[in-house]
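Chains Z and A are the protein sequences, given in the same order.
All letters in the first sequence, in the order written, are residues 10 to 318 by our numbering.
All letters in the second sequence, in the order written, are residues 10 to 318 by our numbering.
We put the CB at the ideal spot given by N, CA and C, even for glycine.
This one's a predicted model, so the numbers in the text were calculated from it and none came from an experiment.
Structure, as structure tokens:
Number of protein chains: 2
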Amino acid sequence: MISKLIDRIKKKDAPIVVGLDPMLSYIPKKITDEAVAQHGESLEAAADAILRYNKALVDAFYDLVPAVKPQIAMYEQFGIPGLKAFIETVDYCRQKDLVVIGDIKRGDIGSTSAAYASAHLGKVEVGSTKLTAFDEDFCTVNPYLGSDGVKPFIDACNEYDRGIFVLVKTSNPSSGELQDRVLHDEDSTVYEAVGFKVNEWAKLSMDGTYSNVGAVVGATYPKMGEILRRIMPKSFILVPGYGAQGGTGKDLKPFFNSDGLGAIVNSSRGIIAAYKKDKYANFGEDGFADAARAAVLDMKEDIRVNAFS
Amino acid sequence: MISKLIDRIKKKDAPIVVGLDPMLSYIPKKITDEAVAQHGESLEAAADAILRYNKALVDAFYDLVPAVKPQIAMYEQFGIPGLKAFIETVDYCRQKDLVVIGDIKRGDIGSTSAAYASAHLGKVEVGSTKLTAFDEDFCTVNPYLGSDGVKPFIDACNEYDRGIFVLVKTSNPSSGELQDRVLHDEDSTVYEAVGFKVNEWAKLSMDGTYSNVGAVVGATYPKMGEILRRIMPKSFILVPGYGAQGGTGKDLKPFFNSDGLGAIVNSSRGIIAAYKKDKYANFGEDGFADAARAAVLDMKEDIRVNAFS
């Protein structure tokens, strides 16, 4: 699956993934009003508004980017209707030939991780019939439980040609509380130790020059990105934290390999709610999708100029 | 919420939680056959079989135990129908006055953790209406992202009188890969460092003599349980790994405080699939629910004799 993602990155000339993390407060009032008029103030209304918003956004930028990353929490909070909207979003993006990275951050003990892997990357068997539940191309995985929490996802990568990004160094302010702790035996940190594990796991699912096993490293920590880039040469890095969380184009440089590949940068709010920023205010609320397209083009240019100079 | 759980533990005289982690292979053929006859080999059939199985099990033991712990992965793998069965299981157990611990192991950056907390412990707002999505009493939380991934759950505990159990030392064989690593600065381990954080977080949501912020520590690691019991005196420990994973009654002793409280022990497969074990084979497949009841009674006795002697 990583070779498919690389192919799409090259075709679109954009190592960019748009995070589809819809908060109701991002969605233009016109859309939420219509949804509430139809469904009342209900979970169904929230889900309907999210799906309309996502489709309009995807229509506006699908030709520019290789991938999208829906954050499942933003759908899960609206219960069953929200998760239906997640599935419909995944399907819609797939129809537009976008690679879909499910940001699900699951991870559990062996048999339970296997169930999550079946749910999101593989298939489940009912009698002799194999069925899909959520069906993303990639998903994110939490490494706290160790190899037997991660390997079922790698098995699914191999069986169904899918990929994962393992959390290594997350973009949030308190990520260092645990991840930056220095280890006794080799003077490395927890995030480096996880990076070394990712590099081991990567070998279990190679797909061309890169592995289906990637890593998440926040744009907000470029120096750690540089270290981790070296530790995990075969792993693509999914880089959150660009834009709204503070990461800039220059911060992205260390996340790429010398082949110009090896990283894909996520922006969520900075794209999908661009119309709320001063810079794109001229698009107005009705122009939210065009504002998102403009923000994608600006992000692409920022990366071209600053990350590859 | 922890005071409610303690009250139920005392009333039932059983520090026991039954894990409702239904694998299709556990469910008697009669039930799955009926579900497939009605729905074909579909996600709906799997969900229907799970729900029938769960209800029969709960009917058989609800008077004996204070709590149940449905593992959401086992439902999520069957997509939307599976998650509907999760919600219906939660509702059914609530009607039986059981405390419900959603084993969801979620955890993300701040605003995203807030969405998960709303989904599972709190409410979401659509317009001026507050709605519930999954509505468990407790849920499990992954600490890898640090305080800003955990605090939104604690806020929900305080606002809605709920609780959480933070993963500290998990029961699986490879949990040590990361959790047992020794830290440089104070010669403690990663799991101890997380234990210290749990003890800090516990102070943010006290409810009587214990906190709504508990911890997960596997029965398979009793010596670590002893250390963690001291580090987190105000936190209840949810103890998985008893029974099928190898933990015994004697292993449970260090998890309890001198007040006889402070721990609740989970058994999943050992109860819900008891009829498949030699010991309970006399119940037969049709007697699966009675076998589960017998296994609960045996577990209760094992803990009384071996953990409190």
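Just so you know, the alpha carbons of A303/Z and F317/Z end up roughly 21 Å apart. Under the DSSP assignment, F292/Z falls outside any beta strand (DSSP E); it carries neither an H nor an E label.
Ranked by Cα distance from L247/A, the first of A282/A, A253/A, R238/A is R238/A. Residues D260, P263 of the same chain have their beta carbon placed closer than 7 Å to that of P231/A, with the five preceding and five following residues left out of the count.
Taking A76/A as reference, the option from L29/A, A126/A, L52/A with the minimal CA-CA separation is L29/A.
Against chain Z, the CB of F174/A has no partner CB under 9 Å away; the residue lies outside that interface. Identification of chain A residues near I25/Z by a Cβ-Cβ cut-off of 8 Å yields none; the smallest Cβ-Cβ distance measures about 20 Å. Of E235/Z, K105/Z, G131/Z, the smallest CA-CA separation from A272/Z is found for E235/Z. Each of G136/Z, C102/Z, M241/Z, D164/Z was checked against the Cα of L176/Z, and the nearest Cα belongs to M241/Z. Of the other Cβ atoms in all chains shown, fewer than 16 fall within 10 Å of the Cβ of G217/A; this residue is therefore exposed. Taking a Cβ-Cβ cut-off of 9 Å, the neighbours of S137/Z in chain A comprise E50, given in sequence order.
Near chain Z, meaning a CB-to-CB distance below 8 Å, the residues of the segment 54-85 of chain A are A54, A55, Q80, A82, M83, E85. Looking at the backbone, the Cα of F162/Z and that of G172/A are separated by about 29 Å. From the listed residues I118/A, E209/A, E201/A, A253/A, the smallest Cα separation to S184/Z is found for I118/A. Residue contact with chain A for Q47/Z: absent (no Cβ-Cβ distance below 9 Å to any residue of chain A). Along the segment 169-257 of chain A, the beta strand (DSSP E) occurs as fully enclosed runs of 3 or more residues at 172-178, 219-226, 244-248, listed in sequence order. For a cut-off of 8 Å, the C-beta gap from L73/A to K21/A is around 6 Å, short enough to register as a contact.
From the beta-carbon of K114/Z, the residues of chain A found nearer than 7 Å are G116, D117. Taking C-beta atoms as the reference points, M308/A and S276/A count as a pair closer than 9 Å.
Listed as beta-bridge partners of E134/A by DSSP are K139/A. Looking from the CA of A58/A, the closest CA among P37/A, D194/A, D68/A, K78/A belongs to P37/A. Note on geometry: alpha-carbon atoms of A94/A and I89/Z lie some 11 Å from one another. Of S244/A, G279/A, Y251/A, the smallest CA-CA separation from L270/A is found for S244/A. Each residue's CA atom was taken as its position, placing A82/A and G258/Z some 38 Å apart. For the segment 186-211 of chain A, the set of residues with a beta-carbon nearer than 8 Å to any beta-carbon of chain Z comprises E186, L187, Q188, R190, V191, L192, H193, D194, D196, V199, A202, V203, K206, in chain order. Residues of chain Z whose Cβ lies closer than 8 Å to the Cβ of K93/A are, in chain order, I89. Taken through DSSP and simplified to helix, strand or coil, V74/A comes out as coil. The three-state reading of DSSP puts D16/A in helix, counting H, G and I together.
No Cβ-Cβ contact shorter than 9 Å links F297/Z with L130/Z. Where G111/A is concerned, the enclosing beta strand (DSSP E) starts and stops at 108-115. Looking at the DSSP output, Q86/A shares a beta bridge with no other residue.
Annotated three-state conformation of P161/A is helix, per DSSP. The segment 144-159 of chain Z and the segment 108-118 of chain Z touch, with three or more beta-carbon pairs separated by less than 8 Å. With 16 or more other Cβ atoms inside 10 Å of its own Cβ, G256/A counts as buried. At a cut-off of 9 Å between C-beta atoms, S244/Z does not count as an interface residue with respect to chain A. Counting the other Cβ atoms within 10 Å of the Cβ of E201/A gives 16 or more, which makes it buried.
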